[in-house]
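Same order as they appear, the protein sequences are chains R and E. When we follow my numbering, the leftmost residue of the first sequence carries the number 1, and every step to the right adds one. When we follow my numbering, the leftmost residue of the second sequence carries the number 1001, and every step to the right adds one. Ideal placement from N, C-alpha and C gives every residue a C-beta, glycine not left out. These numbers come from a predicted model, not from an experiment. Some notes on the structure that comes next.
Number of protein chains: 2
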Amino acid sequence: MRVAVLRIGHRLVRDDRVTTHAALVSRAFGAEKIYMTGIDQSVQDTVAAVGRRWGGGFEVEIIEDWEAVARIWKKEGGKIAHLTMYGINIDDAVIDGMRKEDKVMVVIGAEKVPREVYDMADYNIAVGNQPHSEIAALAIFLDRLHGGRQFQKDFAGGKMRVVPTEKGKRVEQQQK
Amino acid sequence: MRVAVLRIGHRLVRDDRVTTHAALVSRAFGAEKIYMTGIDQSVQDTVAAVGRRWGGGFEVEIIEDWEAVARIWKKEGGKIAHLTMYGINIDDAVIDGMRKEDKVMVVIGAEKVPREVYDMADYNIAVGNQPHSEIAALAIFLDRLHGGRQFQKDFAGGKMRVVPTEKGKRVEQQQK
């Protein structure tokens, strides 16, 4: 399955760190790409630096027109899952059905999201019906979608690799 | 089980939104309290406003000395789980054992965390060994700890309640 994330409504500077978290979660939880509105070179640079160091082929694409991106995705047979506290709870939702899809785009918003997103989405999914964080919602959704297997993913081509350890930090330099 | 979250290393202003997300995730995922270092009234105010609107009895406590708080927690029989990408992967970790504990404190850091945290923790747990987000790590850890049941939790006493719906937003005013 190919998974991409679309983050809409990024507001400059104020949202930088939250957007960086959203991008890094997308990468670490098995998405291949994040589309972001708003030009924000610093987010792209941070995520690129993580990729050089820790491997994998994740991409950040800055876009102007999120509706066009979502429309093309659907036209190519992809499904859209919008994460919102107002949606159907993830426990009841059709995660099993979604696992059979070829392409899933996960839409997350920074605060208010236009009505069109709800209408365009194939699924409006609530990661709980309490307000919390689009970063947490994204993580839980991708974890359920991949059944936890994203943590076994091999991130090839990086310079470093963590050696899991009970106390402290162990990191291996990777051979080229 | 009683669950609290301890966030250490908050740096003023720059981390406000990320810290607010961490607090709201703690609340929505069944913790009863978050302890935060750094004086930051705006985070506390935002979380209090969410509680008045959406219910539940979650608390934010601003502390000066995180080591004292952690020490007292342990002295009272509580366990400490520190979330770090360098730890033992959550899939291999003793989540089943932790479910039997009376009190679990989850420690998350903003970027670098002092060495003492690793030593003091009963468990150093990696939510994947790739860099991503302490907000995502916290959400996944609490989701696994509660086996997903946090999303059925009743948040009593709020003014509003979401009525899960397939398109758009439905909210009920709660009777007092």
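The beta-carbon of T1019/E is placed no less than 8 Å from the nearest beta-carbon of chain R. If you draw a straight line from the Cα of W66/R to the Cα of H1132/E, it is about 24 Å long. Listed along the chain, the chain R residues whose CB falls inside 7 Å of the CB of E1166/E are I88, N124.
Within the stretch 1056-1078 of chain E, not one residue has a Cβ closer than 7 Å to any Cβ of chain R.
The alpha carbon of D1102/E has as its nearest neighbour, out of A1068/E, I1080/E, Q1175/E, V1069/E, the alpha carbon of I1080/E.
Between L138/R and A22/R the beta-carbon gap is near 6 Å, inside 8 Å, which marks them as a contact. Neighbours of A156/R in chain E, taken as residues whose beta carbon is under 7 Å from its own, are absent, since the nearest beta carbon is some 13 Å off.
CA-CA distance, V1163/E to R1170/E, rounds to 5 Å.
Chain order gives the chain E residues near I135/R as H1021, S1133, I1135, A1136, where near means a beta carbon separation below 7 Å. Taking 8 Å as the CB threshold, K169/R lines the interface with chain E. Taking C-beta separations shorter than 6 Å and ignoring five residues to either side along the sequence, the partners of V1005/E in its chain run S1026, A1031, I1034, V1106, following chain order. Rounded to the nearest whole angstrom, the CA to CA distance from V1003/E to M1085/E is 21 Å. For A1028/E, the nearest beta carbon of chain R is closer than 8 Å to its own beta carbon. By the beta-carbon neighbour count (other beta carbons within 10 angstroms, threshold 16), A126/R is buried. Annotation: G1109/E to T1046/E spans about 20 Å, alpha carbon to alpha carbon. Cβ neighbours of Q1130/E within its own chain (closer than 7 Å, five residues either side excluded): M1085. Taking C-beta separations shorter than 8 Å and ignoring five residues to either side along the sequence, the partners of A1136/E in its chain run V1127, following chain order.
No Cβ of chain E is located within less than 8 Å of the beta carbon of Y35/R.
Per DSSP, the unbroken alpha helix (DSSP H) holding M1120/E starts and ends at 1115-1120.
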